[in-house]
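Q: First the structure, then my questions, so here it is.
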Amino acid sequence: MIDRSAPPRSGASGRGARKYGRANRCMTGSVIAVKSTSRGFTLIELMIVVVIVGVLARIAYPSYLKYIVRTSREAAQSHLLELSTVEEKIFLNSSAYTGSVTGAYTGNATGGLGVTSGKSNDGKYTISAAAATNTFTLTATPVAGKTQVGDGNITIDQSGVRVWGSSTW
């Protein structure tokens, strides 16, 4: 029979067992120190991380949306500049501008600007053209239900005057 009340043998005292957090006794009654191996995060630590990520998302998401709107606007402005160049090519070949956005570009007055969908490259603006013999105005209007709603129309004319909403771009 093993006497469990006897002090541990072989120099293992309670101090070594306390060092590792807990102790077990073996069959001979000696104290065996067991190192605690629990790893991971506490609930408090995880909640702190969730709060920090939430605050960062609350700050970053509106900035991201503004970035998307600005980038789409700049893409539409670039598209209008390309289309105004096509208008000038048509004018050089035929002495008249075209009012057709969706017609194929043929280089003469009966041709169009070659925008088959009638929309900007990213689909967030509808492109329209108003033309007379010596003038044209290209307009990009935000499509309803897209991120650009409320961004204002973008226009460019034959003299290069560019307007976005109520200001120039």
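Each residue of the sequence shown is one higher than the last, beginning at 916 in the numbering used here. Ideal placement from N, C-alpha and C gives every residue a C-beta, glycine not left out.
(1) Within this structure, are the beta carbons of G1026 and I1005 separated by less than 8 Å?
(2) Hey, quick one: how far does the beta strand (DSSP E) through Y1020 stretch, first residue to last?
(3) Are Y1040 and V1064 close, meaning C-beta to C-beta below 8 Å?
(4) Using DSSP with H/G/I as helix, E/B as strand and the rest coil, what is K981?
(5) Consult DSSP for G1080 and reduce its assignment to one of helix, strand or coil.
(6) Assuming G1067 contacts W1079 under a Cβ cut-off of 8 Å, what Cβ separation, rounded to an integer in Å, is found between them?
(7) Which residues share a DSSP beta bridge with Y976?
(8) Check K1061 in the structure and name its three-state DSSP category.
(9) Would you mind giving the Cβ-Cβ distance between I1071 and L995, rounded to the nearest angstrom? I have them listed as a contact below 8 Å.
(10) Check this for me: beta carbons of K1053 and A1044, under 8 Å apart or not?
(11) Can you give me the Cβ contacts of T1050 inside the same chain, cut-off strictly under 6 Å, excluding the 5 residues immediately before and after it?
(12) What does DSSP give as the partner residue(s) for L958 in the beta ladder?
(13) Whole angstroms is fine: what's the gap from A975's alpha carbon to T957's?
(14) Using DSSP's beta-bridge definition, name the partner residues of F1006.
(15) Does DSSP put A1055 in a helix, in a strand, or in coil?
(16) Tell me whether Q1045 sits in a helix, a strand or coil according to DSSP, three-state version.
(17) In the structure shown, what three-state DSSP assignment does T858 receive?
(18) My assumption, with CB atoms under 8 Å, is that D1037 sits in contact with S987. Please give the rounded CB distance.
A: So, from the listed chains and residues:
(1) Yes, Cβ-Cβ distance for G1026 and I1005 is below 8 Å.
(2) Boundaries cannot be given for Y1020, as no beta strand (DSSP E) includes it and DSSP labels it neither H nor E.
(3) Taking the C-beta atoms as reference points, V1064 is found no nearer than 8 Å to Y1040.
(4) Correct three-state label for K981: helix.
(5) Looking at G1080 - three-state DSSP - the assignment turns out to be coil, as it is neither helix nor strand.
(6) The pair is a contact, with the Cβ atoms about 6 Å apart (cut-off 8 Å).
(7) DSSP, once it has assigned bridges, lists no residue as partnering Y976.
(8) It is coil, neither helix nor strand.
(9) Rounded, the Cβ-Cβ distance is 5 Å, consistent with contact.
(10) What sits at residue 1053 in the sequence shown is Leu, not Lys. Yes, Cβ-Cβ distance for L1053 and A1044 is below 8 Å.
(11) Excluding positions up to five away in sequence, the list reads Q1073.
(12) As computed with DSSP, L958 is found in no beta bridge at all.
(13) Distance between the alpha carbons of A975 and T957: 27 Å.
(14) F1006 pairs with nothing; no bridge assigned.
(15) The three-state secondary structure of A1055, taken from DSSP, is strand.
(16) This sequence places Ala at residue 1045; Gln is not what is there. It is a strand residue.
(17) The requested residue 858 is not part of the displayed model; the chain covers only 916 to 1084.
(18) The pair is a contact, with the Cβ atoms about 6 Å apart (cut-off 8 Å).
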